[in-house]
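**Q** Which chain is which? The protein sequence lines are A and B, in order. The opening position of the first sequence corresponds to residue 766 in our numbering, with each subsequent residue numbered one higher. The opening position of the second sequence corresponds to residue 8 in our numbering, with each subsequent residue numbered one higher. First the structure, then my questions, so here it is.
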Amino acid sequence: MKDSLYNYTLRLGDTSLILAQRLSEWTGHGPFLEEDLALTNIALDIFGRAKGLLEYAAKKEGKGRTEDDLAFFRSDREFFNLLITEQPNGDYAKTMIRQSIIDCFDLLFYTELAKSKDLTLAGIASKSVKEITYHKRHSFSWVVRFGNGTEESFSRLQKGLNEIWAYSGELFEMNEDDHNLIKEGIAVDLDSLKQKWELEIKELFEKANLVIPETLFMQQGSRKALHSEYLGYILAEMQSIPRMHPNAKW
Amino acid sequence: METINLEDLFEAKLAKNEMIEPKDWMPENYRKHLIRQISQHAHSEIVGMLPEGNWITRAPSLRAKLILLAKVQDEGGHGLYLYTAAESLGITREEMLDALLTGKAKYSSIFNYPTLSWADVGAIGWLVDGAAIMNQVMLQRSSYGPYSRAMVRICKEESFHQRQGYEIMTQLSFGTSEQKEMAQDALNRWWYPTLMMFGPPDVESPNSENAIKWRIKRETNDQLRQRFINQTAIQVEYLGLVAPDKNLKWNEKKQGYDYSDPDWNEFKSVIKGNGICNKDRLLSRNNSHKNGEWVREAAIAFGKKQEQESKAA
């Protein structure tokens, strides 16, 4: 049980951390100033959530590690972030379609997690729900805008969806940790979210004139810490200073 | 005859320390001076996001990452208020951006220096933002209302930035020997470029005279530089670091520090475009703008369609 709670919290923390790391690559490079500020704000929220989750994971692990130890001193075969989060940002359409898929899931997920019997997770989740409500409004409105804007924006959006869709299946994958914690009233049963998610995403895609790629194949691996080649580079960059100065405090 | 009256009115306002507001009459040169100064200030905030942004993905702790990201976002926000303040003088954001992207407009030359280590993030907050605050505190009392009010807000955030920069420097200076070395190296590289931020010596400053007369600026470049050095020299000592200036010494008679002048030839050369990052900074701004073009077009096209639909309905 204790291990399951650690694994579960770590997975959520890693997913938030890597997504925020990707989003923060846009800071200073957004398509226009207001949007640069908005996306940076979203990255900040998600980093904040990552910090809270990893802090709690470290506590549950009980080996005296901190959230920074978890973020900066693990290798890619010890990271459990969803594969969708480590995919490159691509253009703004791809970033927004990826974000809409995640936001739609996260709002459903964290709304449920806010009812968890684990009060720390419930607390982090209820704070997150407020933030994700805004994130979802933001990404959904860009998807609709791109889908109905110009020919170019639509074709970029469809291309982004084609590239990212195969990573959406993993959102709903469960393992032993999920089942252990569902029994305890701690974790969210992801099966119960799937129908709602599909409904909302389909509705969004219809509004944006998008066609869901025909391929039914879905990528997997993150539950076993198996990743694409991208994660290695993300970690090499993110962890470089602490790894170079392992005894230093920052 | 009316012009004379308006000019008298303008002068009388200045004499009474009253603010000039966008709808008030103002001399053309005053307007031009302000547009130049405020837009350059806005550009500096936007270009200033880049050297620090360079370390967001490598910030060495989650807390440091959150603080740096929030800081860079603040800079963008400052750019936004300042562009808006400049717009109140009758120039558009597009015109200002165009001037920046084509290299016609200037921005603070300090951002043409590279950020080579994490300590540079500390040094920028401590020194560069510290120097900026000296200027901006004075500008809170600037005669142009929108500029003055933007400065009040900006100053509050900048003093937070300076504190976080100094906190990083403290952490490094009292950390491992490698960390201390990193801090000293950053101080060595940023000291003189920071002193240059106050502009050329008063005797050579072409824009200062009018700016003081119009109460846009209230202190000269040299006065501000001296005040900055007086404040910073004590902090250098506290950190156990050494400023890269053998002549930096307290002078009892003038109640201030003596110091060596920065290399003004280097200053001119970097302004001319010869700094190691001038081309990259401009290229980066241009790339973001170009890559964002289809996004902006899509937003406009969608907005128009929405408008038509609501009219039809």
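Just so it is clear, CB atoms sit at the ideal spot from N, CA and C, and this is done for glycine as well.
By Cβ distance below 6 Å, which residues in the same chain neighbour Ser115 of chain B in space, the five residues on each side in sequence not counted?
**A** Result list for Ser115 of chain B: Ser51, in chain order.
**Q** I need the straight-line Cα distance from Leu798 of chain A to Glu790 of chain A, nearest angstrom please.
**A** When rounded, the distance between both Cα atoms is 15 Å.
**Q** Which of the three DSSP states is assigned to Asp229 of chain B in this structure?
**A** Three-state DSSP puts Asp229 of chain B in a helix.
**Q** Which one of A:Gly817, A:Tyr857, A:Gly934 and A:Pro978 has the shortest CA to CA distance from Leu73 of chain B?
**A** Of the listed residues, the one whose Cα sits closest to Leu73 of chain B is A:Gly817.
**Q** Within the continuous beta strand (DSSP E) that includes Gly137 of chain B, where are the two ends?
**A** Run containing Gly137 of chain B: none in the beta strand (DSSP E); it sits in the alpha helix (DSSP H), Asp136 to Leu146.
**Q** Quick check: what's the CA-CA separation for Thr792 of chain A versus Leu802 of chain A?
**A** Near 8 Å, if we compare the C-alpha coordinates of Leu802 of chain A and Thr792 of chain A.
**Q** With 8 Å as the threshold, decide whether the Cβ of Leu76 of chain B is near any Cβ in chain A.
**A** Yes, Leu76 of chain B lies at the interface with chain A (some Cβ there is under 8 Å from its Cβ).
**Q** Going by DSSP, what residue range makes up the alpha helix (DSSP H) through Asn298 of chain B?
**A** Per DSSP, Asn298 of chain B belongs to the alpha helix (DSSP H) from Asn285 to Asn298.
**Q** List the whole-angstrom C-beta distance separating Ser150 of chain B from Trp221 of chain B, where the pair is believed to meet the contact cut-off of C-beta under 8 Å.
**A** Confirmed, Cβ separation roughly 6 Å.
**Q** Could you tell me the alpha carbon to alpha carbon distance between Ser1005 of chain A and Glu941 of chain A, rounded to whole angstroms?
**A** Distance between the alpha carbons of Ser1005 of chain A and Glu941 of chain A: 33 Å.
**Q** Among the candidates B:Ser95, B:Tyr120, B:Pro58 and B:Arg288, whose CA atom is the shortest distance from the CA of Pro29 of chain B?
**A** Measuring from the Cα of Pro29 of chain B, the nearest candidate turns out to be B:Ser95.
**Q** Are the CB atoms of Gly912 of chain A and Phe919 of chain A nearer to each other than 8 Å?
**A** Cβ distance < 8 Å, so Gly912 of chain A and Phe919 of chain A count as in contact.
**Q** Mind reading off the beta-carbon distance from Ala49 of chain B to Ala93 of chain B? Whole number of angstroms is fine, and I expect it under 8 Å.
**A** Correct: roughly 6 Å between the Cβ atoms.
**Q** Candidates B:Lys39, B:Leu75, B:Arg156 and B:Gln44: which alpha carbon is nearest Asn806 of chain A's?
**A** It is B:Leu75.
**Q** In this structure, does DSSP put Tyr264 of chain B in helix, strand or coil?
**A** It is a strand residue.
**Q** Count the other CB atoms, across all protein chains shown, that sit within 10 Å of the CB of Ile977 of chain A; report buried if there are 16 or more and exposed otherwise.
**A** Exposed is the call here.
**Q** When the cut-off is 8 Å and only beta carbons count, does Ser267 of chain B lie next to chain A?
**A** No - not a single Cβ of chain A is within 8 Å of the one on Ser267 of chain B.
**Q** In the structure shown, what three-state DSSP assignment does Lys30 of chain B receive?
**A** Three-state DSSP puts Lys30 of chain B in coil, outside helix and strand.
**Q** What's the call for Lys260 of chain B, buried or exposed, on a 16-neighbour Cβ count within 10 Å?
**A** Exposed, by the Cβ-count rule.
**Q** Using a Cβ-Cβ cut-off of 8 Å, state whether Thr885 of chain A counts as contacting chain B.
**A** So no, Thr885 of chain A is outside the interface.
**Q** Taking 8 Å as the CB-CB limit, is Ala822 of chain A close to chain B?
**A** No, Ala822 of chain A does not count as interfacial toward chain B.
**Q** Strictly under 8 Å for the Cβ-Cβ distance: is Pro853 of chain A near chain B by that measure?
**A** It does not; no Cβ of chain B falls within 8 Å.
**Q** Strictly under 8 Å for the Cβ-Cβ distance: is Tyr857 of chain A near chain B by that measure?
**A** So, interface residue.
**Q** Specify whether the segment 841-856 of chain A and the segment 988-998 of chain A touch according to this definition: at least 3 beta carbon pairs, one from each stretch, less than 8 Å apart.
**A** Because the criterion of three Cβ pairs below 8 Å is met, the segment 841-856 of chain A and the segment 988-998 of chain A touch.
**Q** Run the CB neighbour count on Glu832 of chain A, radius 10 Å, all protein chains shown included, and call it buried at 16 or more, exposed below.
**A** The residue in question, Glu832 of chain A, is buried, as its Cβ has 16 or more Cβ neighbours within 10 Å.
**Q** CB-CB under 6 Å to Phe167 of chain B, same chain, minus the five flanking residues each way: which ones, in chain order?
**A** Nothing meets the Cβ criterion.
**Q** Mind reading off the beta-carbon distance from Ile866 of chain A to Ile951 of chain A? Whole number of angstroms is fine, and I expect it under 8 Å.
**A** The Cβ separation is near 25 Å, so there is no contact.
**Q** May I ask you to report which of helix, strand or coil DSSP gives Asn258 of chain B?
**A** Strand.
**Q** Does chain B have any CB closer than 8 Å to the CB of Asp833 of chain A?
**A** Yes, contact with chain B.
**Q** Within the chosen definition, does the segment 250-265 of chain B reach the segment 148-163 of chain B through at least 3 CB pairs nearer than 8 Å?
**A** No, because fewer than three Cβ pairs between the segment 250-265 of chain B and the segment 148-163 of chain B fall closer than 8 Å, the two stretches do not touch.
**Q** Tell me whether the segment 244-260 of chain B and the segment 198-212 of chain B touch, counting them as touching only if at least three CB pairs, one residue from each stretch, are closer than 8 Å.
**A** Result yes; three or more Cβ-Cβ pairs closer than 8 Å.
**Q** Taking the continuous alpha helix (DSSP H) assigned at Glu832 of chain A, which residues delimit it?
**A** It spans Glu832 to Phe837 - the alpha helix (DSSP H) in which Glu832 of chain A sits, taken as one unbroken run.
**Q** Strictly under 8 Å for the Cβ-Cβ distance: is His992 of chain A near chain B by that measure?
**A** No, His992 of chain A does not count as interfacial toward chain B.
**Q** For a contact meaning CB atoms closer than 8 Å, what does Met1003 of chain A contact in chain B?
**A** Going along chain B in sequence order, the residues near Met1003 of chain A (Cβ under 8 Å) are Thr64 and Arg65.
**Q** Using the beta-carbon of each residue, which ones in chain A are nearer than 7 Å to Lys275 of chain B?
**A** Ordered by position in chain A, no residue passes the 7 Å Cβ test against Lys275 of chain B, which lies about 27 Å from the chain.
**Q** Got a sec: is the Cβ-Cβ distance from Arg303 of chain B to anything in chain A below 8 Å?
**A** Output row for Arg303 of chain B: interface = yes.
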